[in-house]
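Take a look at the structure set out below.
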Amino acid sequence: MSMVRCDALKRQLSSFGGRRSTNYYTGKGWKQDYERARRDRRNGGSVATTTTTTVGTIVEVPAPASVDSIEHGAFVIPHPAKVDKGGEDSYFTYERRSSSNEVYSITMGVADGVSGWAEDGVDPALYARELSKYGKDAAFLWGDPFEVLDYAHAKAESLGSSTFTVATVDCDSGGILLRYSNVGDSGVKVFRRGSVVAASSVQEHYFNCPKQLANPKKVSQCDTPDAAEGEEVKLRSGDVVVLATDGVFDNMFDKDIGRIVGKRGKSAGGMAEMIARKASDNSRDKNYVSPFAAEAFALSKKEESMAVPNGINGLLASLGIKKEENPYAGGKPDDITAVVAIVGKH
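Structure (structure tokens):
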């Protein structure tokens, strides 16, 4: 990105202004100094003074007084039937570097285009990719995940809909913080020594129908950024943040992801690849009892007791998931995207 492009982007983002505030977080809220910094960025204050060459690579930023570095990596495996087009997931990462060239802050996002649009001749990937594109643009100026999600939704114009999860990890003198905003069934989880200590919640209208963003000018009935949920989580050095689409979480239990990220000496990129490949293997295993299949089994039992005809059973049959005595078996074929960030020493 040229400096002209960056300056124009700053003006565009500053004029947008955002529509979010700290009270959307379920945690204790943002620190006042972070809010002041965010206002300064909008008003052209010193905090916004940066030199960039391309989006995602800041080469001159004042370093925080105390910093833990962040290592990050990502890996994508498209649905077997969508390899030629690269799948319908999308992601972005935007890093901020100190004067010593260490990454002290990163904003990440994952979007999962809703595949049902293909039935109407619409490429589900287009809207998801626009969310990631504009999310990365917004991350250039803001570290607030709600602002990033809000801006991306306001700018994306393609027909379609998508889940969207945005997370920022900041290492500064005030500690290490994760902030996230989420719409849908993609999500973020924090692992500490291989166990989950924090996670976003799944947002669904009903089973296998996640909340989803869309261009309100083209899709009249869809979710908006007001549906987004978020939280502020205090991290420790060594924590691993996993941001992923449902292709990962529907095919891997937390304990299985924990075994991968709990191993010392693995890079973030290596972890992301191992997670994605394991999820992909599980998705094709007709005998694997996946989280998706286990949830479907529980719901089917409830439907049977309520005499609901062709409910979950019909859905599972369409996905090639077979019914066993107990429980259902089979992974869920899907696009798979995993983004991993390791804070400090692991």
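Position in the sequence shown (first residue = 1) + 36 = this note's numbering.
Yeah, the Cβ is synthetic: ideal placement off N, Cα and C, and Gly gets one too.
Residue interval of the beta strand (DSSP E) (run including residue i)
{"i": "D405", "result": "Outside the modelled stretch of the chain, which goes from 37 to 382, sits residue 405, for which no answer is possible."}
{"i": "Y170", "result": "Not the beta strand (DSSP E): Y170 falls in the alpha helix (DSSP H), residues 160-175."}
{"i": "R228", "result": "223-228"}
{"i": "A190", "result": "Run containing A190: none in the beta strand (DSSP E); it sits in the alpha helix (DSSP H), 181-191."}
{"i": "S319", "result": "That residue, S319, is in no beta strand (DSSP E); its alpha helix (DSSP H) goes 304-319."}
{"i": "V233", "result": "231-235"}
Strand pairing of residue i, partner residues [DSSP]
{"i": "H108", "result": "A377"}
{"i": "M144", "result": "T129, A203"}
{"i": "Y216", "result": "A203, E267"}
{"i": "P246", "result": "E240"}
{"i": "V325", "result": "G366"}
{"i": "L279", "result": "V224, V375"}
{"i": "V12", "result": "Shown here, the chain extends from 37 to 382; a query on residue 12 therefore has no answer."}
{"i": "D259", "result": "L249"}
{"i": "G149", "result": "S198"}
{"i": "G211", "result": "D208"}
Residue i and residue j closer than 7 Å at C-beta
{"i": "V158", "j": "F227", "result": "no"}
{"i": "G196", "j": "V184", "result": "no"}
{"i": "V146", "j": "Y163", "result": "no"}
{"i": "L398", "j": "A188", "result": "Past the boundaries of the shown model lies residue 398; the chain is included only from 37 to 382, so the question cannot be answered."}
{"i": "G298", "j": "G211", "result": "no"}
{"i": "K270", "j": "S319", "result": "no"}
{"i": "T199", "j": "S222", "result": "yes"}
{"i": "E374", "j": "F111", "result": "Here residue 374 turns out to be Ala, not Glu, going by the sequence shown. Yes, they are a contact pair."}
{"i": "D125", "j": "T281", "result": "yes"}
{"i": "S273", "j": "K169", "result": "no"}
Beta-carbon contacts of residue i that lie in its chain and below 6 Å, excluding the five residues immediately before and after
{"i": "V376", "result": "G109, V278, A304, M307, A308"}
{"i": "K247", "result": "V219, G220, Q239, D259, A263"}
{"i": "A250", "result": "S197, C258"}
{"i": "K225", "result": "V232, A235, V278"}
{"i": "K254", "result": "L195"}
{"i": "S316", "result": "I113, I372"}
Whole-angstrom C-beta distance between residue j and residue i, which should lie under 8 Å
{"i": "I106", "j": "V379", "result": "6 Å"}
{"i": "L214", "j": "A203", "result": "6 Å"}
{"i": "G366", "j": "Y324", "result": "7 Å"}
{"i": "P327", "j": "F289", "result": "6 Å"}
{"i": "V115", "j": "D321", "result": "It should be noted that the sequence gives His, not Val, for residue 115. Rounded, the Cβ-Cβ distance is 15 Å, inconsistent with contact."}
{"i": "G179", "j": "T143", "result": "6 Å"}
{"i": "S217", "j": "G149", "result": "The Cβ separation is near 18 Å, so there is no contact."}
{"i": "S232", "j": "G294", "result": "With the sequence shown as reference, residue 232 is identified as Val, and Ser is not the correct amino acid for it. Right, the Cβ-Cβ distance comes to about 7 Å (below 8 Å), so this counts as a contact."}
{"i": "S136", "j": "D206", "result": "Contact flag wrong, Cβ pair sits at about 17 Å."}
{"i": "K121", "j": "A161", "result": "7 Å"}
{"i": "F243", "j": "L335", "result": "6 Å"}
Opening and closing residue of the alpha helix (DSSP H) in which residue i lies
{"i": "S273", "result": "S273 -> no alpha helix (DSSP H), and no H or E assigned at all."}
{"i": "D282", "result": "282-285"}
{"i": "D292", "result": "290-297"}
Same chain, Cβ closer than 8 Å to residue i, neighbours up to 5 away in sequence not counted
{"i": "I408", "result": "No statement about residue 408 is possible, as the shown extent of the chain runs from 37 to 382 and does not include it."}
{"i": "V139", "result": "S105, I106, E107, H108, E131, R132, R133"}
{"i": "P252", "result": "C258, T260"}
{"i": "H241", "result": "K247"}
{"i": "K118", "result": "E124, D371"}
Neighbourhood of residue i by C-beta, 7 Å cutoff - its chain only, sequence neighbours within 5 removed
{"i": "A175", "result": "Y130, T143, V184"}
{"i": "R165", "result": "S126"}
{"i": "D286", "result": "S326, P327, F328, K368, D370"}
{"i": "S151", "result": "E124, P160"}
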